[in-house]
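Below is one structure, written out as structure tokens, with a few remarks after it.
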Amino acid sequence: MVAAVSSGLVSHISSQRWHQSCISWSPILPYGQEYPTRTLGQEVPLPMARGLFLALLSLLLFTVSCTQSSLVLRPDDASHPEEASQITDTPTEDTSDPSKAAPSKTTNEEEENVLASSPAQEGSSANGESPAAVDSEEEPYTDQKLVDDALYYYQEALEYWNSGEPDRAILSLDQSYQIILSIQDEDDPEITQQKEDLRLLISKRILEIYASRTHLQMDHSREMPLAMNQYVTREIKRFQTTERSFFIKSYRLSGRYRPYIVEQMRKAGTPEDLSWLPLIESGFKTKALSKARALGLWQFIASTGYRYDLRRDRWVDERMDPERSTQAAIAYLKVLHGLFGDWTTALAAYNCGEGNVLRAIRQQRVNYLDDFWHLYPRLPLETARYVPRFLAALHIIKDPEKYGFDDLELDQPLITEQVQVNRQMRLQDIARVLDVPAKTLEELNPSLRYKATPNYPFTLNLPADTSTTFLAKLEEVPQWTPPKRAYVVHRVRFGETLSGIALKYRVSVRRIVHANHLRSASRIRAGQRLKIPLRGHIVMAKSTPSPRTGSTAHYQVKRGDSLWLIAQRFNTTVTEIKTLNDMHSDLLHTGQIILVQAGSR
3 MVAAVSSGLV
13 SHISSQRWHQ
23 SCISWSPILP
33 YGQEYPTRTL
43 GQEVPLPMAR
53 GLFLALLSLL
63 LFTVSCTQSS
73 LVLRPDDASH
83 PEEASQITDT
93 PTEDTSDPSK
103 AAPSKTTNEE
113 EENVLASSPA
123 QEGSSANGES
133 PAAVDSEEEP
143 YTDQKLVDDA
153 LYYYQEALEY
163 WNSGEPDRAI
173 LSLDQSYQII
183 LSIQDEDDPE
193 ITQQKEDLRL
203 LISKRILEIY
213 ASRTHLQMDH
223 SREMPLAMNQ
233 YVTREIKRFQ
243 TTERSFFIKS
253 YRLSGRYRPY
263 IVEQMRKAGT
273 PEDLSWLPLI
283 ESGFKTKALS
293 KARALGLWQF
303 IASTGYRYDL
313 RRDRWVDERM
323 DPERSTQAAI
333 AYLKVLHGLF
343 GDWTTALAAY
353 NCGEGNVLRA
363 IRQQRVNYLD
373 DFWHLYPRLP
383 LETARYVPRF
393 LAALHIIKDP
403 EKYGFDDLEL
413 DQPLITEQVQ
423 VNRQMRLQDI
433 ARVLDVPAKT
443 LEELNPSLRY
453 KATPNYPFTL
463 NLPADTSTTF
473 LAKLEEVPQW
483 TPPKRAYVVH
493 RVRFGETLSG
503 IALKYRVSVR
513 RIVHANHLRS
523 ASRIRAGQRL
533 KIPLRGHIVM
543 AKSTPSPRTG
553 STAHYQVKRG
563 DSLWLIAQRF
573 NTTVTEIKTL
583 NDMHSDLLHT
593 GQIILVQAGS
603 R
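Its first residue numbered 3, the sequence shown is counted upward by one per residue in our numbering.
Below you can see the structure in the form of structure tokens.
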């Protein structure tokens, strides 16, 4: 029977169907029967010895097959805990023949450890063939892993940059930036912060590489490249036709301020042609205000003004000061030239911001330093006109007769004297003492928002040869007491929020919090009364029912009132009321108290 079973097993081996034999194999001898034993020195018959050999060989092959199969079908430790530590002993064979070497002792637990430590690793079978793929989940590619990969490419870019390979550094930075863009989950604040920090590092490094290339070519350049192309030609035609009056008027106003601008640019070492930039920025108007809330000759927005120390408070806005804003503009232009390397691109960044220009640089394949006009189509529409518009103005200014401008005139430069004042005075009172038009003082001091000096030391510009008179008659100028802010009382209703109340009255949440000494913007309750600061003021003098011409009174707004009706009642103008009350809209609230000055129109 042993011989029959063994011969059948050998035949089964030859068919190489080991998976089925491993699963459905049955014992060699029937249950209850044992192999014959012999005492020491007793000979075993030859058929019995052959049967034992084949049985041991079958057991050996069975063990190897099951060990290999365990790499495909991992045992369930939870359902078979007793098998987790079971040791499979293989019979010892004569290892003198390398082809009959027995496998070493292994455990199911060791196999589990190997698989767990390397889920994707493929093992090798006993016959040199690769086993089936492991049925296990790969480790998820987390956002943190993406950040780490992006940081790796950034570090690689630094190595290329330090070794003098800027092109390869740019490629690595681009790869790093693409990985950053693939991170979509914004819920994790730590990941978001890492992402933004790395984005900033990448942007700065790209600018540094591009700028360094241009420094090598234009390190001492103080000239504006006067390109002439279809874009510049189109802007020249506009100045010759639809915008001709604007150009002539702006050119005339430039005579007031440009001498000072040129002087400062010579000191800073920047191209003098940049002194014409206010012509297209503001038309050389000190109080020009754009839709984007950019203000002054150089059209600074508030945030950029703060960056370059331009003061902006209740009384003064130095963005309208020709001297202070010119100094800030020169500093800003030099920074942009240092970042981008050429003045044309610096002008584009001055108009739309560094971030927009950098984004356009990244979207193009051609190096913008070789030709700015490759970058031009990717710029925002307003900026796309900005640079050729400026170049068109330069072409006309350098040869006005060629383009039909033979009637250009310049205003005389402003000549002023400066004095320090330490108290609040209205410009109209100062003008009366100096016997000069009030408008003259307003033009010389455009940074004063309400035609009055602030309550701190201020440098006042006076017409030439008037400073001595002013100091001698200073005591004759009355001190001005600014009116207090006007308030209305709002009773909080159930469900209202401070932001909703602020939106209703068109004031900021911060002003309401400050006026009511609130600890938090979220701590209000139904029935609470809040003071809402408005744009109007309350005068400190007593009101008069019928104010005399030129006298000042305060007026409480009634239902149905409008600025026009109030102006008609007091024989004044809407503009005068808005100026006195620091109002930027015609909106009024019932109960609001405003300052009114009766006039004689």
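Glycine included, every Cβ here is placed at the ideal spot set by N, Cα and C.
Own chain partners of residue i with C-beta closer than 7 Å, once the 5 adjacent residues on each side are dropped
i: Arg428; result: Lys453, Ala454, Trp482
i: Gln146; result: Ile193
i: Thr592; result: Val559, Lys560, Arg561
i: Arg326; result: Leu312, Glu320
i: Lys197; result: Val149, Ile182, Ile185
i: Ile399; result: Trp278
i: Glu444; result: Leu429, Lys453
i: Gln219; result: Residue placement at Gln219 is flagged as unreliable, the pLDDT there being 45, under the threshold of 50; the coordinate-derived value follows with that caveat. Around Gln219: no qualifying Cβ.
i: Ser292; result: Gln301
i: Tyr310; result: Ala330, Ala333, Tyr334
i: Glu161; result: none
i: Ala528; result: Val494, Arg495, Phe496
i: Ala523; result: Leu500, Val511, Val515
i: His339; result: Trp345, Ala348
Residue i Cβ short of 8 Å to the ligand NAP heavy atom set
i: Gly502; result: Absent from the structure shown: the ligand NAP. Ligands present: none.
Expected contact under 8 Å - CB spacing of residue i and residue j to nearest Å
i: Thr347; j: Pro227; result: Not a contact, Cβ separation roughly 11 Å.
i: Pro415; j: Gly257; result: 6 Å
i: Arg321; j: Gly357; result: With a Cβ gap of about 21 Å, Arg321 and Gly357 do not count as contacting.
i: Glu201; j: Ile182; result: Contrary to the premise, residue 201 reads as Arg rather than Glu in this sequence. About 6 Å separates the two Cβ atoms, so the contact holds.
i: Ala350; j: Leu396; result: The pair is not a contact, with the Cβ atoms about 15 Å apart (cut-off 8 Å).
i: Glu384; j: Val435; result: Contact flag wrong, Cβ pair sits at about 45 Å.
i: Tyr233; j: Pro390; result: 4 Å
i: His492; j: Ile534; result: 5 Å
i: Gln426; j: Pro484; result: 7 Å
i: Asp563; j: Leu590; result: 6 Å
i: Trp317; j: Leu450; result: 7 Å
i: Val511; j: Ala517; result: Actually they are not in contact, since the Cβ atoms of Val511 and Ala517 sit about 11 Å apart, beyond 8 Å.
i: Leu473; j: Val421; result: 7 Å
i: Leu393; j: Ala229; result: 6 Å
i: Leu173; j: Tyr156; result: At roughly 12 Å, the Cβ-Cβ gap does not stay under 8 Å, so Leu173 and Tyr156 are not in contact.
For residue i: DSSP bridge partner residues
i: Asn463; result: Gln420
i: Phe241; result: Paired residue(s): none; Phe241 is not in a bridge.
i: His516; result: His516 pairs with nothing; no bridge assigned.
i: His586; result: Paired residues: none, contrary to the question.
i: Leu532; result: His492
i: Arg254; result: Bridge partners of Arg254: none, in fact.
i: His556; result: Leu597
i: Ala454; result: Arg428
i: Phe302; result: Leu297
i: Leu609; result: It is not possible to answer for residue 609, since the shown part of the chain is limited to 3 through 603.
i: Arg314; result: Asp319
Contact with chain B by residue i, beta-carbon distance below 9 Å
i: Gln196; result: No chain B appears in the structure shown, which is made up of a single protein chain.
8 Å Cβ shell around residue i - same chain, five flanking residues per side excluded
i: Asp315; result: Pro456
i: Leu360; result: Ser205, Ile208, Leu209
i: Val598; result: Pro549, Thr554, Ala555, His556, Tyr557, Ile568, Phe572, Thr574, Ile579, Leu582
i: Glu225; result: Pro273, Asp275
i: Gln266; result: Thr328, Gln329, Ile332
i: Tyr308; result: Arg314
i: Glu419; result: Asn463, Leu464, Pro465, Ala466, Asp467, Thr468, Ser469
Own chain partners of residue i with C-beta closer than 6 Å, once the 5 adjacent residues on each side are dropped
i: Thr546; result: Bear in mind that the predicted position of Thr546 carries a pLDDT of just 37, short of 50, making it too unreliable to give a figure here.
i: Tyr253; result: Leu410
i: Tyr388; result: Asn353
i: Trp163; result: Ala171
i: Leu532; result: His492, Asn518
- Task: Taking only runs that begin and end inside the region 319–398, name each unbroken alpha helix (DSSP H) of 4 or more residues, in chain order.
- Result: 324–342, 345–354, 356–365, 374–377
- Does the region 284–294 come within contact of the region 331–347, defined as at least 3 CB pairs closer than 8 Å? no
- Query: Does the region 399–408 come within contact of the region 241–259, defined as at least 3 CB pairs closer than 8 Å?
  - Reply: yes
- Message: So, does the region 147–156 touch the region 172–180, judging by three or more C-beta pairs under 8 Å?
- Response: yes
- Query: How do the region 496–512 and the region 459–466 stand: do at least 3 beta-carbon pairs fall below 8 Å, yes or no?
  - Reply: no
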